[in-house]
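The structure under discussion appears below in the form of structure tokens.
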Amino acid sequence: MAELAQQTSTTDVYTTGAGTGSTGTGTGTGTGAGSKNNTIWRGLLNWLSFFFQVFIQLLKGTPSLTTKFLSFRHRFLLSSSSSTTTLDSPSFSPLPVVDEVELSHLDSPSHLNTNNNSNNNRDYDDGGIEKLTVVLDLDETLVSAYETSSLPASIINQAKEAGLMCFELECQSLEKDCDGKPKVNHVTVFERPNLKEFLKQISEFADLILFTAGLEGYARPLVDIIDTDNVFKLRLYRPSTCTTEYREHVKDLSCISKDLTRTVIVDNNPFSFLLQPLNGIPCVPFVAGQPRDDQLLEVLLPLLKHLSLQKDVRPVLYERFHMPEWFEKHGIPACNWTYNSVSQGS
Numbered sequence: 001m002a003e004l005a006q007q008t009s010t011t012d013v014y015t016t017g018a019g020t021g022s023t024g025t026g027t028g029t030g031t032g033a034g035s036k037n038n039t040i041w042r043g044l045l046n047w048l049s050f051f052f053q054v055f056i057q058l059l060k061g062t063p064s065l066t067t068k069f070l071s072f073r074h075r076f077l078l079s080s081s082s083s084t085t086t087l088d089s090p091s092f093s094p095l096p097v098v099d100e101v102e103l104s105h106l107d108s109p110s111h112l113n114t115n116n117n118s119n120n121n122r123d124y125d126d127g128g129i130e131k132l133t134v135v136l137d138l139d140e141t142l143v144s145a146y147e148t149s150s151l152p153a154s155i156i157n158q159a160k161e162a163g164l165m166c167f168e169l170e171c172q173s174l175e176k177d178c179d180g181k182p183k184v185n186h187v188t189v190f191e192r193p194n195l196k197e198f199l200k201q202i203s204e205f206a207d208l209i210l211f212t213a214g215l216e217g218y219a220r221p222l223v224d225i226i227d228t229d230n231v232f233k234l235r236l237y238r239p240s241t242c243t244t245e246y247r248e249h250v251k252d253l254s255c256i257s258k259d260l261t262r263t264v265i266v267d268n269n270p271f272s273f274l275l276q277p278l279n280g281i282p283c284v285p286f287v288a289g290q291p292r293d294d295q296l297l298e299v300l301l302p303l304l305k306h307l308s309l310q311k312d313v314r315p316v317l318y319e320r321f322h323m324p325e326w327f328e329k330h331g332i333p334a335c336n337w338t339y340n341s342v343s344q345g346s
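Residue numbers (UniProt numbering): 1 to 346.
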């Protein structure tokens with residue numbers, strides 16, 4: 001664009017000069033007109049160059065542009081922890097695609113053995129084994145929720161074309177109206193693909209618990225809709241979370257079970273399980289703007305089935321994700337989750 005502008009400008013000047021030479025008395029007028037045309041051409045070419053650069057950036061998917069356009073999510077609805085992960089937390093590589101062959105070759109590191117029995121971490125199918133407890137996050141793990149008034153029609157159309165299940169929801173806000181009554185917010189909720197089938201299959205070999213940092217006024221009616229078969233044995237909301245010196249709304253699994261050998265938590269925000277990183281499964285966040293998603297049945301389900309056969313899930317999860325090291329890299333010391341604590345069965 002710059003070269004084209006320069007060539008055009010040179011041509012204009014040359015033409016003006018030629019005109020001046022051939023018109024004796026009209027030299028002043030011809031030069032003035034040529035200068036004015038030259039200025040107009042330069043301005044026009046500068047604008048064309050600007051729009052061309054903007055167009056190229058749009059084709060490349062400039063993060064600043066797309067982020068500003070899609071920043072319509074209503075933060076109050078979502079777990080504040082989920083919001084923190086997306087905007088403020090360090091980069092994190094979530095759950096990769098699970099290969100059945102890869103799962104079958106997962107061996108536990110020697111320093112994480114729960115006792116001296118070398119067979120302790122093999123697939124454990126003894127009928128006396130405790131049922132696996134699977135703790136599931138809600139927002140951006142099972143569903144994606146948006147304030148209806150701020151949701152672009154293009155997102156709705158894209159999600160519906162992809163076959164996403166969605167529904168409208170009225171939920172109470174913490175804010176009060178002029179009469180002192182809780183305000184009612186209108187929310188559009190998109191279910192992650194294959195959600196109900198996922199919950200059904202998991203409930204066949206595990207006890208399901210919902211643990212969300214969302215407010216009960218929002219989460220309870222939502223879960224009533226997605227859990228028509230009552231597969232969740234327990235529902236925990238924001239008041240059940242705790243605050244640490246590093247993060248708020250942390251989900252402490254010790255309030256569910258003192259024995260963590262058979263407990264896992266699935267959450268798109270790894271900071272939610274910073275108190276028990278060896279029990280966490282970080283998953284890819286789900287948003288309606290990316291409706292092509294097969295995480296539940298193709299990725300999470302095979303891993304959870306494999307974990308259901310383990311006497312202790314933590315060595316397998318450590319080998320797969322190395323979460324304690326990840327937390328240490330981001331300023332959260334591992335003093336409370338040493339490998340010795342695992343070997344003692346805590």
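C-beta: ideal position from N, C-alpha, C; glycine also.
- If you look at S154, you'll find it in the alpha helix (DSSP H) that goes 153–161.
- Separation of S144 and I226 (C-alpha to C-alpha, rounded to the nearest whole angstrom) is 12 Å.
- The C-beta of K311 has 16 or more other C-beta atoms within 10 Å across all chains shown, which makes the residue buried.
- Around the beta carbon of P182, fewer than 16 other beta carbons sit within 10 angstroms, so the residue counts as exposed.
- CA-to-CA, the gap between L274 and R314 works out to about 14 Å.
- Linking E328 to R320 through their CA atoms gives a straight-line distance of about 17 Å.
- Residue ranges of uninterrupted beta strand (DSSP E) with 3 or more members, entirely inside the region 152–233 and ordered along the chain, are 166–176, 182–191, 206–211.
- Comparing alpha carbon positions, the residue from D294, P239, L151 closest to G214 is P239.
- Residues Q158, A159, A162, L164 of the same chain have their beta carbon placed closer than 7 Å to that of P291, with the five preceding and five following residues left out of the count.
- Sequence-distant partners of L307 (beyond 5 residues in either direction) whose C-beta falls short of 7 Å from its own C-beta, in its chain, are L132, V264, V313, V316.
- In the DSSP assignment, P302 falls within the unbroken alpha helix (DSSP H) covering 301–307.
- Residues of the same chain with a CB within less than 8 Å of the CB of D252, apart from the 5 flanking positions on each side, are T241, C242, L275, Q276 in chain order.
- Under DSSP, R235 forms a beta bridge with L210.
- The continuous alpha helix (DSSP H) containing V313 extends over residues 313–321.
- A straight line joining the alpha-carbon of Y218 with that of Y246 spans about 26 Å.
- With a cut-off of 8 Å on Cβ pairs, the region 201–208 is not in contact with the region 168–180, counting fewer than three such pairs.
- By the CB criterion at 8 Å, V134 and L304 fall inside the cutoff.
- Sequence-distant partners of E175 (beyond 5 residues in either direction) whose C-beta falls short of 8 Å from its own C-beta, in its chain, are P182, K183.
- Under the 10 Å beta carbon count, N269 is surrounded by 16 or more other beta carbons and is classified as buried.
- Cβ neighbours of I155 within its own chain (closer than 7 Å, five residues either side excluded): A288, G289.
- Put simply, the backbone Cα of S150 is about 10 Å away from that of T188.
- The secondary-structure analysis by DSSP pairs V250 across a beta bridge with C242.
- P282 has D267 as its beta-bridge partners, per DSSP.
- Listed as beta-bridge partners of E328 by DSSP are no residues whatsoever.
- Per DSSP, the beta bridge partners of S144 are F190.
- DSSP places Q290 in the coil class of the three-state scheme, outside both helix and strand.
- Minimum Cα-Cα distance from F232 among the listed residues E248, L278, F211, T244 corresponds to F211.
- Separation of N279 and D179 (C-alpha to C-alpha, rounded to the nearest whole angstrom) is 46 Å.
- In the DSSP assignment, D139 is bridged to V143.
- Between R235 and V250 a beta carbon distance of about 18 Å is seen, past the 8 Å cut, so the two are scored as non-contacting.
- Looking at the backbone, the Cα of D259 and that of D207 are separated by about 14 Å.
- Under the DSSP definition of a beta bridge, L132 partners with A206.
- Taken through DSSP and simplified to helix, strand or coil, Q310 comes out as strand.
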